[in-house]
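Chemist:
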Amino acid sequence: QTIGIVGGFILGDAAVRAGLISPMTTVVVALTAICSFTSPNFGAAISVRILRFPLVIVALVGGLYGLALATFVLLVYTAGIRSFGVPFLTPFVPLQLADIKDSLGRVPFWAMVSRPVSYKPLDMKRQKTKARHWWERLFSPPRGETGETGDGSVSSPRTGEPEEEK
């Protein structure tokens, strides 16, 4: 990766010095390359990489004003898209403050008690989750093995001997 970055700098500098491209084009290409790696979602990252090439061509032809206009047109287009009846840019357009807690970052699971309003769910309450710590899962007997001996006492899952009452 380091060789690719250094090679990009050298080729970009050579192309600018030769007059083949403008310095602004080099900046736009570098910014779009960096931005294409910032998305953790693979599908979103691919779409950004595909959009990079038309935006570079627009930047070559129209400069910074053309790039700003193309970005505005792209935002207007994505604001008009609806998927399953829900706006694509939900909860940002239209603004749903109650749903933002689940968009930019994640609040703790115990704080997410309602479903997103923008999806218009029939039941607004989320399913309750039982929090178990990792050590409880590690040391508790598997489900279905209660260790009952039949006489009312409970045997230890490890030794099979009756446990003392607590």
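Residue numbering for the sequence shown follows the numbering used here, starting at -4 and increasing by one per position. Note that CB positions come from ideal geometry on N, CA and C, so glycine has one too. All of these numbers come straight from a predicted model, not from anything done at the bench.
Give every residue of the same chain whose Cβ lies closer than 7 Å to the Cβ of SER113, excluding the five residues on either side of it in the sequence, and list them in chain order.
Modeler: Correct list, in chain order: VAL81, THR85, PRO86, GLN91, ASP94.
Chemist: Is LEU50 near ALA65, with beta carbons less than 8 Å apart?
Modeler: Their beta carbons are under 8 Å apart, which means LEU50 touches ALA65 by this criterion.
Chemist: Between the C-alpha atoms of SER78 and ASP8, what's the straight-line distance to the nearest angstrom?
Modeler: Roughly 43 Å between the two C-alpha positions.
Chemist: Give me, in chain order, the residues of the same chain whose beta-carbon lies closer than 8 Å to that of MET19; leave out the 5 immediate sequence neighbours on both sides.
Modeler: So the list reads ALA54, GLY58, LEU59, once near-sequence residues are dropped.
Chemist: Determine the burial state of PRO174: buried for a count of at least 16 other Cβ atoms within 10 Å of its Cβ, exposed for fewer.
Modeler: For residue 174 there is no data in the structure shown, the boundaries of the chain being -4 and 161.
Chemist: According to DSSP, is LYS96 helix, strand or coil?
Modeler: Helix at LYS96.
Chemist: Near VAL108, which residues of its chain fall below 8 Å by C-beta distance, leaving aside the five closest residues on each side in sequence?
Modeler: So the list reads LYS120, ARG121, once near-sequence residues are dropped.
Chemist: To which residues of the same chain is CYS30 closer than 7 Å at the C-beta, ignoring the five residues directly before and after it?
Modeler: So the qualifying residues of the chain are VAL43.
Chemist: Using the Cβ count rule (16 or more neighbours within 10 Å means buried), how would you classify PRO111?
Modeler: By the neighbour-count rule (16 or more Cβ atoms within 10 Å), PRO111 is buried.
Chemist: Note the first and the last residue of the continuous alpha helix (DSSP H) segment covering PHE104.
Modeler: Looking at the DSSP string, PHE104 is not in any alpha helix (DSSP H), and its letter there is neither H nor E.
Chemist: Buried or exposed for LEU117, going by 16 or more other Cβ atoms inside 10 Å?
Modeler: LEU117 is exposed by the Cβ-count criterion.
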